[in-house]
Amino acid sequence: MSVALDNISREVSSVSWIRDVSLTLERGTLSVLLGPTLSGKTSIMRLLAGLDKPTSGRVLVDGKDVTGIDIRKRSVAMVYQQFINYPTLTVFENIASPLRVQGKPRAEIEKRVHEAAKLLKLEPFLNRTPLQLSGGQQQRTAIARALVKGADLVLLDEPLANLDYKLREELRTELPRIFEASGAIFVYATTEPSEALLLGGRTICMWEGQALQVGATPEVYRRPDTVRVAEVFSDPPLNTVGIEKKNGSIQYAGGESAPATGLFAGLQDGHYNVGFRAHQLEVASAALGRHAFPAKVSVTEITGSESFVHLNRNGYNWVSVLQGIHEFLPGQELNAVLNPDDLFIFDTSGRLVAAPRSM
Amino acid sequence: MARIDLVDLAHSYGGATADTASYALKPMTMTWRQGGAYALLGPSGCGKTTLLNIISGIVTPSHGKVLFDGVDITPLSTRDRNIAQVFQFPVIYDTMTVGQNLAFPLKNRGLSSNEIDARVAEIAKLLDLAPFVGRKAVRLSADAKQKISLGRGLVRSDVAAVLFDEPLTVIDPHLKWELRSKLKALHQALDLTMIYVTHDQTEALTFADTVVVMHDGRVVQSGTPEELFAKPAHTFVGYFIGSPGMNIVPAEVKGREARIDRHVLALNSTYDNLPPGAKIEIGVRPEFVSVAPPAPALLNAKIERIDDLGRVRFARVRIGDVKFAARVPNGFAIPDNTAGLVFDPAHIHVYADSVLVEGRA
Amino acid sequence: MDKTINNKAWLLVLPVFLIVAFSAILPLMTVVNYSVQDTFGNNQFFWNGVGWFKELLDPSTDLGSRFLASLGRNLLFSAIILAIEVPLGILVALSMPREGWRVAACLVILALPLLIPWNVVGTIWQIFGRPDIGLMGYTLNKMGFDYNYVSNSFDAWATIVVMDVWHWTSLVALLCYAGLKSIPDAYYQAAQIDGASRWAVFTAIQLPKMKRVLLIAVLLRFMDSFMIYTEPFVVTGGGPGNSTTFVSIELVKIALGQFDLGKAAALSIVYNLVILIVCWVFYTVMTNADNERTQTEGGA
């Protein structure tokens, strides 16, 4: 089955929450709604589910218009950021609750609950109540309850955001396996680019109520259509600098100039914006063929395996991530280096003009 | 700015006579030097918030003492301890402007308005709040409000320590970077003792000079981020720090060799005094295991999944029942679904009953 | 959330609709009818148009002067009891314990005056204040005060005010207590850390956070006090003279005493309108203040 949004817009008290979004979701796929808070992810999910009605546009299931139909008649399940479980029921009863509402026979309920519990590693806890469980286990219960229903559309709204870092990691590695086993349409909302990358599937990049780009996650990551998409899909934040190409050389806003090699070679003369992620900026000597910027370190953050170097170059604040441990002191001066084959070039309206050719 | 000593500190929410196993904070003695940046890192329920509350004065410990610069402050109330605290959500006075918020602690101490204005201007500049000093504090964004919270603590020049209780919880991911590096820059500029509680290892490792890893009420290891990364003293530290965490795998270790599933790995040290009957495991971080084309000399594993994180790729592989995470070198094309694993012997550690064993060179 | 359309729901509403129509809407329509007619209640009607209303709002007529005087008394009464009950309620809420068994005990004690039927409240105070058999009346007179709420209008006012404060301060206190409880502990800790005095904690944290709840409390108390009837009527009957004759009592005098149904009907409609307007003003101020707060948190 497929679910589609056709030119959906939603306005509440003259504030536009969603603007002209069109999407199609196919069976057995995972779509990640990626965007900052208040970008419209939750609104889109509520529209897909039928909890809200769009101000204009249609919601289609298998080609049929279901825009006005109550959520109770649709095949939808939802998992929220706050672990929502029935506090007085045991884990078994919690997971069984949608099946009991559907009136399924006891033997089938037992079987399906045990299957879901096995998938989410909840079997030892079936007799406990949610308050006796840890946060991660409570959220697994909520996910199991959403899956056991066998709904065609499962929506997860930042389900891991309230969990400890390590628990989040654990659950995140298990989710793709769980999604595949189920075969429904999954939509997962998150603010973190790394989650989108780890989950794979398709990414829908949201910004201020609009879907900026939709595509396979590695594609959206490697070929962002606009600078805004690149900004949303970068963690640490995207570094940018303006340039002007003239007569075979590049003039960087702020001073340096360099020969127009690599991705710059094919550009027409004019003004552009260059964007590069933290790992595309290196700290090294100005080797031949690279574009070097003298900069000052403002602070270095060391995680043990990587070092994040915050640089200030002529008023621009950039971040570079380097492998290994680099103890640069604040105020230290060094060279930040760009590889002209490894960066993103956007025109003045923000559209992508060139991207690295690597796979 | 104070040196903080924890002397035989322990706490149970059930009172001093409760069973020792149920203590929220098991007995610990530590010294935190003046001007240091410390992070208390651990999962929910490990005791880090309890410890922070004991230092701030909200909780009185069942056992032991807390000293600031050698003075026992355990009986003192929060107000008298002269600390500053930044909470999980921004705490600001709604009716006041940003400037009035920052001036509040100084006003309560009776400083002259000239002194107050000068100090407020100084701190506002430090925190990039100078353009907003006249605005109503409620109108600012969450990260600006957290800075105001912090500013109220910094504005007192003799503050003993600044405590942070998971302060980035409500901040957007992009702004987290700014605020985090700001905190670090502040620490380096101001020489204040700062204690930061979090469950997020990136926050802890980037902020602190010394990270105190806690688990189940105990301090498991305390050291610099490099130490914790390169040489975890406990398998828990290996697992908790690093994303993905350390690979911890049961093995047979004898002399200079470790044996996993009929394959032998070379080690950098000799282990000949392992305690008999103990659970022996080797730990090696995914950053030090890489995938290569399958070869008979290598430990061969089945690739289950490749995680593409943009700047680095990790392969999730399986050997029999054992799962590994390994780094995929840049530019490496993944063959069908088996690969060989190459280990860096310098970074293979041996653990007996979860505790690091030092071998002979 | 948009509700879906389910026509079966109308059937469920029908019985309620009929009952409300019978007991409220039809009588209301009758009142409107009476207010534009002249009648002695024997089903003979003479059209009067807006005559009663004009007379009502004209201070030179008997009806008009009585109405405006009683309206003034109502406003004075509401102002006085708001000025007493709101600060007193806040004070009580601040003094209440935060946790433990004492909380439950306090809540029960506070709730008791609210549970007593209103005419019983009136009766209690009427007897309480009597100089011969009432504990308060007797004691005050024994102490040298010449207290008699039947003959002295100041005493009558004082008695009614004290009675209302006794009856309703608990409501303000309970609402404020709920508002106080919702303040997270972190605010108090931060205030401690900042070295704030008790007064500063009150003005900077507690009062602002209670704003919404206080607005509700003031609205409720204003509405109730403006419509007050039972308690003062039982105690003073509107006397001495007409010094405690509020609009509601005036209304009953005209309707049932003089049987001037037309005038009474007009009076009750105007009375109703005044209350509605004041409540609407309050409500608009409240929601605007709310919107302003949430809107501006968009950020710098």
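Residue numbers (our numbering), protein chains in the order written: chain A, 1 to 359; chain B, 360 to 720; chain C, 721 to 1020. For each residue, glycine too, the CB sits at the ideal point set by N, CA and C. Quick caveat, the model's predicted, so the values are computed rather than measured.
- Spatial neighbours of residue 108 of chain A in its own chain (CB-CB distance under 8 angstroms, excluding positions within 5 residues in sequence) are listed in chain order as 99.
- Under the three-state reduction of DSSP, residue 930 of chain C is assigned to coil, being neither helix nor strand.
- Burial is judged here by how many other beta carbons sit within 10 angstroms of a residue's own beta carbon; residue 164 of chain A has at least 16 and is buried.
- Between residue 710 of chain B and residue 576 of chain B, the C-beta spacing is not below 9 angstroms.
- Shown in chain order are the members of the segment 466-496 of chain B whose Cβ falls below 8 angstroms from a Cβ of chain C: 467, 468, 491, 494, 495.
- Take the alpha-carbon of residue 540 of chain B and the one of residue 534 of chain B: they are about 10 angstroms apart.
- Judged by pairs of C-beta atoms under 8 angstroms, the segment 691-701 of chain B does not touch the segment 628-643 of chain B, as fewer than three such pairs exist.
- Residue-level contact check: residue 372 of chain B does not touch chain A, since none of the beta carbons of chain A fall below 9 angstroms from its beta carbon.
- The shortest C-alpha to C-alpha distance from residue 523 of chain B to any of B:569, B:447, B:435, B:559 is the one to B:447.
- For residue 683 of chain B, no Cβ of chain A is located within less than 9 angstroms of the residue's own Cβ.
- Excluding its 5 nearest sequence neighbours in each direction, residue 501 of chain B has C-beta neighbours in its own chain below 7 angstroms: 449, 529, 530, listed in chain order.
- Only buried fits residue 310 of chain A, as 16 or more other CB atoms lie within 10 angstroms of its CB.
- Burial of residue 252 of chain A is indicated by the presence of at least 16 other C-beta atoms within 10 angstroms of its C-beta.
- Residues of the segment 288-309 of chain A with a C-beta less than 7 angstroms from any C-beta of chain B: 298, 299, 301, 302, 303, 304, 305, 308, listed in chain order.
- When beta bridges are read from the DSSP output, residue 640 of chain B appears opposite B:609, B:710.
- Residue 702 of chain B sits in a strand when the DSSP states are folded into three classes.
- By the CB criterion at 9 angstroms, residue 565 of chain B and residue 584 of chain B fall inside the cutoff.
- Not a single CB atom of chain B sits nearer than 9 angstroms to the CB of residue 22 of chain A.
- Residue 527 of chain B is outside the set of residues whose beta carbon lies under 9 angstroms from a beta carbon in chain A.
- Taking C-alpha positions only, residue 731 of chain C is separated from residue 889 of chain C by approximately 42 angstroms.
- Interface with chain B (9 angstroms Cβ-Cβ cutoff): residue 166 of chain A is included.
- Looking at the DSSP output, residue 306 of chain A bridges to A:323.
- Scanning chain C for C-beta atoms nearer than 9 angstroms to the C-beta of residue 437 of chain B yields 909, 912, 913, reported in chain order.
- In this structure, the beta-carbon distance from residue 156 of chain A to residue 113 of chain A does not fall below 9 angstroms.
- By the criterion of at least three beta-carbon pairs nearer than 8 angstroms, the segment 774-788 of chain C is not in contact with the segment 869-881 of chain C.
- In this structure, the CA atom of residue 185 of chain A is about 54 angstroms from the CA atom of residue 943 of chain C.
- Taking C-alpha positions only, residue 672 of chain B is separated from residue 274 of chain A by approximately 25 angstroms.
- Comparing C-alpha distances from residue 233 of chain A to each of A:351, A:213, A:86, A:85 shows the shortest one belongs to A:213.
- From the listed residues C:1006, C:873, C:768, the smallest Cα separation to residue 933 of chain C is found for C:1006.
- A contact is defined here as three or more CB-CB pairs under 8 angstroms, and the segment 893-901 of chain C meets this definition with respect to the segment 801-815 of chain C.
- Contact of residue 540 of chain B with chain A is assigned, a C-beta pair being separated by under 9 angstroms.
- If you compare the alpha carbons of B:646, B:670, B:683, B:642 with that of residue 660 of chain B, the shortest gap goes to B:683.
- Annotation: residue 883 of chain C is outside any beta strand (DSSP E); the continuous alpha helix (DSSP H) that includes it extends over 873-901.
- Less than 9 angstroms divides the Cβ of residue 674 of chain B from the Cβ of residue 665 of chain B.
- Chain-order list of chain B residues neighbouring residue 197 of chain A: 666, 667, 668, 669, by C-beta distance under 8 angstroms.
- Listed in chain order, the non-local C-beta contacts of residue 302 of chain A below 7 angstroms within the same chain comprise 325, local neighbours out to five positions each way being set aside.
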